Amino acid sequence: MTLVKNKLFYKIKRLVGKAIGDFGLIEDGDHIGVGVSGGKDSYTLLHMLETLRLRAPVTFRLTAINVDSGYTGYKKEILEAYLKQHGFDCRMVDTNCYNIIQEKRTPGSSYCSFCARLRRGVLYTEAKKLGCNKIALGHHLDDFAETLLLNQFYAGSLAAMSPKLQADNNIHTVIRPLVYVEEQDIIRFAGLNSFPVICCACPVCGSVDQKRQRMKKLLRELEKDNPHIKNSIIKAIGNVQPRHLMDKKLKKVP
Ligand code: SF4
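Quick note on the working numbering: the sequence shown kicks off at -4 and runs consecutively.
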């Protein structure tokens, strides 16, 4: 596909390249399974990785992996047709995650975290079958900033996300190349390139995660005074000063 090559394209490309360089996200010989849901983030991630792959000094391979949770109305055929039409290797996985959630979820517990856990498990399994050593996810700068705030405000923990970490299964490395890319740029990029975005069609889509919505609102408010506030938060995640914290596991307090 010919992407629209305007300033925004080069900005996102530069930021993804910077993340790859800063955190050593991609190495020679990597086979990266790219989680694709059909949302704006995953289309952007896949296209940017492919753009960089074509000119990279190292050789690596991409396979798009889609996990269908079984929600009625999820139009994965639109995504599949798009991936094939644009020459991406892809694996579409059908699951019965929805039925498992209906049967096993404890009433009152988070629908999203159960759903995400199940999907992640399927993604890891498929990536292993395909021989991928890395899994790329489409979390962007706003996700990182909001998660840091959420953990501080509601979980009593100073934690965000990592651009590169060992997966729970100890087999894969999870990478998040969009760490420096703001959501508003992804929205514009997806619109400009007419990505056929599809809805997850889950029963709680759009109505969940009120806390995250509150963090978005808070950040928007703060941005009125300091337009660089999210970048400052991202910088803070990479500039931890344990001496000025009070985690006893990190230091012995005399
Ligand atoms: S929004 Fe829906 S599809 Fe996404 S994690 Fe939550 S429950 Fe699952």
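Even for Gly, the Cβ is constructed at its ideal location relative to N, Cα and C.
Please read all numbers here as calculations on a predicted model, not as lab measurements.
Which word fits residue i, buried or exposed, when buried means at least 16 other C-beta atoms lie within 10 angstroms of its C-beta?
i: ASP242; result: exposed
i: PHE139; result: buried
i: GLU121; result: buried
i: ALA154; result: exposed
i: THR54; result: exposed
i: ASN221; result: exposed
i: HIS250; result: Past the edges of the chain, shown from -4 to 249, lies residue 250, and the structure says nothing about it.
i: ALA14; result: buried
i: ASP23; result: exposed
i: LYS219; result: exposed
i: ASN61; result: buried
i: SER64; result: buried
i: LEU113; result: buried
i: VAL199; result: exposed
i: PRO172; result: buried
i: GLY103; result: exposed
i: GLY28; result: buried
For the ligand SF4, is there a heavy atom less than 7 Å away from the beta-carbon of residue i?
i: SER104; result: no
i: VAL199; result: yes
i: CYS195; result: yes
i: SER37; result: no
i: CYS107; result: yes
i: SER279; result: Nothing about residue 279 can be reported from this structure: the residues present for the chain run from -4 to 249 only.
i: CYS110; result: yes
For residue i, collect the residues of the same chain with a Cβ closer than 7 Å to its Cβ; drop the 5 residues on either side in sequence, then sort them by chain order.
i: CYS195; result: SER32, TYR66, TYR69
i: LYS126; result: According to the sequence as given, residue 126 is Gly; it is not Lys. The answer, listed in chain order, is HIS26.
i: ASN188; result: LEU(-2), VAL(-1)
i: ILE232; result: PHE139, LEU143, ALA155
i: MET210; result: GLU141, LEU144, LEU145
Can you find the residues in the same chain that come closer than 8 Å, C-beta to C-beta, to residue i, ignoring five residues on each side of it along the sequence?
i: ALA185; result: LYS35, TYR38, THR39, VAL192
i: LEU213; result: LEU144
i: ASP89; result: ASP63, GLY65
i: LEU3; result: ASP180, ARG183, PHE184, LEU187
i: HIS71; result: The sequence given here places Lys at residue 71; His does not occur at that position. Excluding sequence neighbours, LYS71 sits near GLY33, ASN61, ASP63, MET87, ILE193.
i: ASN117; result: What sits at residue 117 in the sequence shown is Val, not Asn. The answer, listed in chain order, is VAL62, VAL88, THR90, CYS92.
i: ILE73; result: GLY33, PRO191, ILE193
i: LEU240; result: LEU153
Within a Cβ cutoff of 6 Å, which residues of the same chain sit near residue i, ignoring the five residues on either side of it in sequence?
i: LYS159; result: PHE18, LEU20, ILE170
i: LEU78; result: ALA59, CYS85
i: LEU217; result: ILE224
i: ASN234; result: none
i: TYR93; result: SER64, GLY65, TYR66
Assuming residue i and residue j make a contact with CB atoms under 8 Å, what is their CB distance in whole Å?
i: TYR106; j: ALA162; result: TYR106 to ALA162, Cβ: 23 Å. No contact.
i: LEU143; j: ILE228; result: 6 Å
i: GLU141; j: ARG183; result: Not quite, the Cβ-Cβ distance comes to about 19 Å (not below 8 Å), so this is no contact.
i: HIS134; j: GLU178; result: Not quite, the Cβ-Cβ distance comes to about 10 Å (not below 8 Å), so this is no contact.
i: TYR175; j: LEU10; result: 4 Å
i: LEU44; j: GLY12; result: No, LEU44 and GLY12 are not in contact; Cβ-Cβ is about 11 Å, not under 8 Å.
i: THR101; j: ASN128; result: Contact flag wrong, Cβ pair sits at about 35 Å.
i: ILE253; j: CYS110; result: As displayed, the chain neither begins before -4 nor continues past 249, which places residue 253 out of reach and without an answer.
i: LYS124; j: ILE166; result: Not really, about 11 Å apart at Cβ, beyond 8 Å.
i: GLY30; j: LEU132; result: 5 Å
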